[in-house]
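To start, the structure itself, in structure tokens.
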Amino acid sequence: MKKLNVILMLSMSVLLLFGCSSDTEEEMTEEEVVEVATLQETFGEYFDVGVALSTKTYETYDISLYQEFGTIVCENEMKWENIQNQEGVFTFDSADKIAEFARENGFEMRGHTLVWHSQTPTWVCTVPADATVDEAIEIVLERVETQFVALNERYGDVIFAWDVANEVISDSSDPNEIYRQDSIYYQMCGSDDAKFEYFISEVFKMVESINPDVICYYNDYNLEWNQVKRDKTITFIENVEAYGAEVDGIGLQSHNDISMTKETYASAISDFEESGLFTELSVTELDISVYTSDSQTEMVVLDEATAQTQAEVYADLFELFREKSDFVANVTFWGISDLSSWKDNYPVVGRNDHPLLFDDNGKAKLAYDAIMNFE
Ligand code: GLA
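Here the sequence shown stands for residues 849 to 1223, where the numbers follow the numbering used here.
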């Protein structure tokens, strides 16, 4: 998984050979090798560093930029709507391109994502009107299995971890509303917490039985700072595991902004570590927006001061990830560069953001230098 960026610099130098008469000058070529450590090389002893790529972004830059990273995840290409939008009709073309890129260049991949309420066609949870909830669960479980078998057959060689379930926890501040109410999966389970937990536990068991080597993750957003959501997540995993399933990893998406602090993030890591429920944690979709308000429409220019603030947040987080490296397994950025980030259209359409380590030209920003320069 380790990549080595070697810059060969050939320098011509004229050496005057001592002991020779002045008319026996000899010209020699000296080869100077300068090794520049990549992100993966620098942090590999602590955790792997990954990047989300799409068919739009995987060929934009010179390969050396991609080789900064050790692992890849598809931004959209392995989501249900792109693999099996219509029941039984599989389209692998886009995911194939990224997987081939991964194989050719020696990257391992995270699989993203299996059970998710979004970017999933409605047929997945549509069952006959007279089906009971228990029957509906069995029908949908079979469909989820078909989907996973297809993905695993095609990409199992290159995928080391799967986001088996994504974003099932409700954002409500009501601690008793554990699950996202508008999820097609939750509704298919009769909006019944216990049945939904059973359903999810069966999905985790199925993935484990088909590919025992894959690391099975639960993945969600805002867990870094939202204590109520974190507590619900822990309850959810306890209940799922009570049905005999094993959830190996917790994925913190980490779509954060420049107000994030090391202390805030640290308590999230501690909560999940102390719960004893997971063998590892991954930062799965990291980006640090330069906006701290979801409603701000005025554009932020990445001037020196803003870039510096962002760099400090990144540096603090990476210091924390290194300190917690016994538990933190992978840190993945949600995009290769600021040229193409989903943050340019979320939460405000057309609001240019600058959330990643590399600028539009693939040039390292201050944030890159800040995380790389540590004692
Ligand atoms: C969530 C999903 C990702 C992606 C981002 C936005 O975090 O898990 O797959 O869709 O939203 O790009």
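All C-beta atoms in this analysis are idealised placements derived from N, C-alpha and C, irrespective of residue type, glycine included. Here the structure is a predicted model, which means the values were calculated and not measured.
Residue i Cβ short of 8 Å to the ligand GLA heavy atom set
i               : result
lysine 1077     : no
threonine 961   : yes
glutamate 1133  : yes
tryptophan 1073 : no
histidine 965   : no
histidine 1202  : no
tyrosine 909    : no
glutamine 995   : no
tryptophan 1010 : no
glutamate 925   : no
glutamate 929   : no
Close Cβ partners of residue i (< 7 Å) along its chain, the five nearest in sequence each way excluded
i               : result
asparagine 1000 : Ile1058, Asn1059
aspartate 1041  : Ile1026, Tyr1027
glutamate 1050  : Leu989
leucine 1100    : Leu1071, Glu1072, Ala1116, Leu1129, Val1131, Thr1132
Assigned exposure category for residue i - 16 Cβ within 10 Å defines buried
i                  : result
tyrosine 1194      : exposed
serine 870         : Caution applies to serine 870, whose pLDDT of 44 falls short of 50 and renders its modelled position unreliable; the value that the coordinates give is listed next. Classification for serine 870: exposed.
methionine 1147    : exposed
isoleucine 911     : exposed
threonine 886      : buried
glycine 898        : buried
aspartate 1096     : buried
phenylalanine 1222 : exposed
proline 1203       : buried
glycine 954        : exposed
Cβ-based neighbour list, residue i, same chain, cut-off 6 Å, excluding 5 preceding and 5 following
i                  : result
tyrosine 894       : Arg1170, Ser1173
phenylalanine 1008 : Glu956
alanine 950        : Ile920, Met957, Val1006
glycine 867        : Since pLDDT at glycine 867 reaches only 40, below the 50 mark, its modelled position is unreliable, and no value is offered.
leucine 913        : Gly1210
valine 969         : The residue asked about is misnamed: residue 969 is proline in this sequence, not valine. Only Glu929, Asn933 meet the Cβ criterion.
8 Å Cβ shell around residue i - same chain, five flanking residues per side excluded
i              : result
aspartate 1192 : Gly1198, Arg1199, Asn1200, Asp1201
aspartate 1030 : His965
Problem - Contact between the segment 1085-1092 and the segment 1131-1145 (3+ Cβ pairs under 8 Å) - result: no
Handout entry: Contact between the segment 1155-1162 and the segment 1204-1214 (3+ Cβ pairs under 8 Å)
Key = yes
Practice task
Only counting runs of 4 or more residues, tell me where the alpha helix (DSSP H) segments fall wholly within the segment 994-1039, in order along the chain.
Solution key: 1032-1036
Problem - Complete runs of the alpha helix (DSSP H) confined to the segment 1068-1129 [at least 4 residues] - result: 1075-1090, 1110-1123
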